[in-house]
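Heads up: the structure comes next, in structure tokens.
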Amino acid sequence: MDMTENLRPSGAHPTDQDPTSYPYASSYGTAYDSAPGDYPPPPAYAPTTGRRKAKRPVALLAAVAIAAGVIGGGTATLVGQLNGQNSAATGPGGAVNGTTVSQSSKGTVAGVAEAVSPAIVEIGAASSAGKSTGSGVVITEDGEIVTNNHVISGAQQIQVTLSTGRTYTADVVGTDPDKDLALIKLRNASGLKTATLGDSSKVKVGEQVVAIGSPEGLTGTVTSGIVSALDRDVTVAKDDSGSSGQGQGQGQGGQGGGQEWPFEFGGQQFNGDTGEETTTYKALQTDASLNPGNSGGALINMDGEIIGINSAMYAPSSSAAGSGSSAGSVGLGFAIPVNTLKTDLDTLRAGNGS
Numbered sequence: 005m006d007m008t009e010n011l012r013p014s015g016a017h018p019t020d021q022d023p024t025s026y027p028y029a030s031s032y033g034t035a036y037d038s039a040p041g042d043y044p045p046p047p048a049y050a051p052t053t054g055r056r057k058a059k060r061p062v063a064l065l066a067a068v069a070i071a072a073g074v075i076g077g078g079t080a081t082l083v084g085q086l087n088g089q090n091s092a093a094t095g096p097g098g099a100v101n102g103t104t105v106s107q108s109s110k111g112t113v114a115g116v117a118e119a120v121s122p123a124i125v126e127i128g129a130a131s132s133a134g135k136s137t138g139s140g141v142v143i144t145e146d147g148e149i150v151t152n153n154h155v156i157s158g159a160q161q162i163q164v165t166l167s168t169g170r171t172y173t174a175d176v177v178g179t180d181p182d183k184d185l186a187l188i189k190l191r192n193a194s195g196l197k198t199a200t201l202g203d204s205s206k207v208k209v210g211e212q213v214v215a216i217g218s219p220e221g222l223t224g225t226v227t228s229g230i231v232s233a234l235d236r237d238v239t240v241a242k243d244d245s246g247s248s249g250q251g252q253g254q255g256q257g258g259q260g261g262g263q264e265w266p267f268e269f270g271g272q273q274f275n276g277d278t279g280e281e282t283t284t285y286k287a288l289q290t291d292a293s294l295n296p297g298n299s300g301g302a303l304i305n306m307d308g309e310i311i312g313i314n315s316a317m318y319a320p321s322s323s324a325a326g327s328g329s330s331a332g333s334v335g336l337g338f339a340i341p342v343n344t345l346k347t348d349l350d351t352l353r354a355g356n357g358s
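Here it is as structure tokens:
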């Protein structure tokens, strides 16, 4: 029953009551029910205790039910917020709990972008050869960030920019050139939004995915596509010795349109010479647009879980493109499966690597 509903007939005095529908009281406070159109006199001194006690508990129960509903809803909301924000704990197999897509937004690119973008950062690496830009994924509240080894290889200084625009200095914790993975840590960071690491063994060809990173230094860029293939053998350089542009960033000197990170696939080299020291890993292939600067960023399923770390992209050479700068994505991108990262996370945290 709507507690705000006016029970009086239109135009009735506030003390009037409709005897055809509602109880009425004598001067002694006794309440009686009446039948429509019938107005029998109330019996003298009729007992009233039973009827009044029957109505009060009903009202009380209704109020308690409303209060319980409000409290219950608030509790569920709070639990959801805590589950989405407090995520420094690491679960079995190196899984990291973090921000997830709300139930109402699951299955949408906008929902994934809103939930995961705060956990994706831009990484600026400076070395004696110049500067480059890449991306990274925050996995703990105190600033552990996963990226590609080639993004920070040879860097003398690393600066990280959050989605909020706040910047931190970062230190390298551990690297694994054989898997093209690296772990860095922000200085004096706390309360950061974190990502959830999914299960890449469950990924299927044709599954919709979202990529988030900083292509050409454009922080927080979101693209979408599908998983095009699984278990692609991708070969990359172990460090920046075989690359004219460190990292899949903006190229040396920080200028856009620089050389992309070189890699090999199908017996051919792309985006430059990979050099002598290379490593090969099984990659997820995607047609989500990846461009220079996406390396180290996230490939995400529609539940908001990280399923891969973007690592390589194919772009036609300058001569093939017929222009003075390299072309953008042509729908051939590759990501390191997140399960590779999860099995390697303890090694990276220990400061060890291959």
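Be aware that the sequence shown starts at 5, since it is given in our numbering, and climbs by one per residue.
From the three backbone atoms N, C-alpha and C, an ideal C-beta is built for every residue, glycine too.
Here the structure is a predicted model, which means the values were calculated and not measured.
As assigned by DSSP and simplified to three states, the class of residue i
i	result
residue 140	strand
residue 183	coil
residue 113	helix
residue 352	helix
residue 341	strand
residue 58	Any reading at residue 58 needs caution, since the residue's pLDDT is 48, under 50, leaving its predicted position unreliable; the model's value is listed next. Correct three-state label for residue 58: helix.
residue 135	strand
residue 155	helix
residue 266	coil
residue 224	coil
residue 120	helix
Identity of the residues DSSP links to residue i by a beta bridge
i	result
residue 359	The first residue shown for the chain is 5 and the last is 358, placing residue 359 beyond what the model contains.
residue 229	213
residue 163	128, 173
residue 284	239
residue 314	339
residue 150	141, 187
residue 303	215, 312
residue 279	Paired residues: none, contrary to the question.
Beta-carbon separation (whole angstroms), residue i vs residue j, contact threshold 8 Å
i	j	result
residue 202	residue 309	3 Å
residue 288	residue 341	6 Å
residue 352	residue 190	Residue 352 to residue 190, Cβ: 15 Å. No contact.
residue 183	residue 348	6 Å
residue 282	residue 241	6 Å
residue 139	residue 148	Not confirmed; about 15 Å, so no contact.
residue 290	residue 337	5 Å
residue 160	residue 131	5 Å
Same chain only: Cβ atoms within 6 Å of residue i, ignoring 5 sequence neighbours per side
i	result
residue 194	146
residue 214	113, 116, 228, 304
residue 237	284
residue 210	230
residue 286	235
residue 226	117, 216
residue 212	230, 306
residue 167	121, 122, 224
Contacting residues, own chain, Cβ-Cβ under 8 Å from residue i (five flanking each side not counted)
i	result
residue 313	141, 150, 151, 152, 185, 300, 301, 302, 303, 339, 340, 342, 345
residue 156	127, 129, 138, 162, 176, 179, 186, 188, 251
residue 174	127, 147, 149, 162, 163, 164, 188, 189, 190, 191
residue 204	288, 311, 312, 341, 342, 343, 344
residue 206	none
residue 171	163, 164, 165
residue 273	266, 267
Same chain, Cβ closer than 7 Å to residue i, neighbours up to 5 away in sequence not counted
i	result
residue 278	239, 240, 241, 246, 266, 267, 268
residue 111	306
residue 335	291
Worksheet item: How about the stretch 108–126 and the stretch 231–243: do they share at least three Cβ pairs that are nearer than 8 Å?
Response: no
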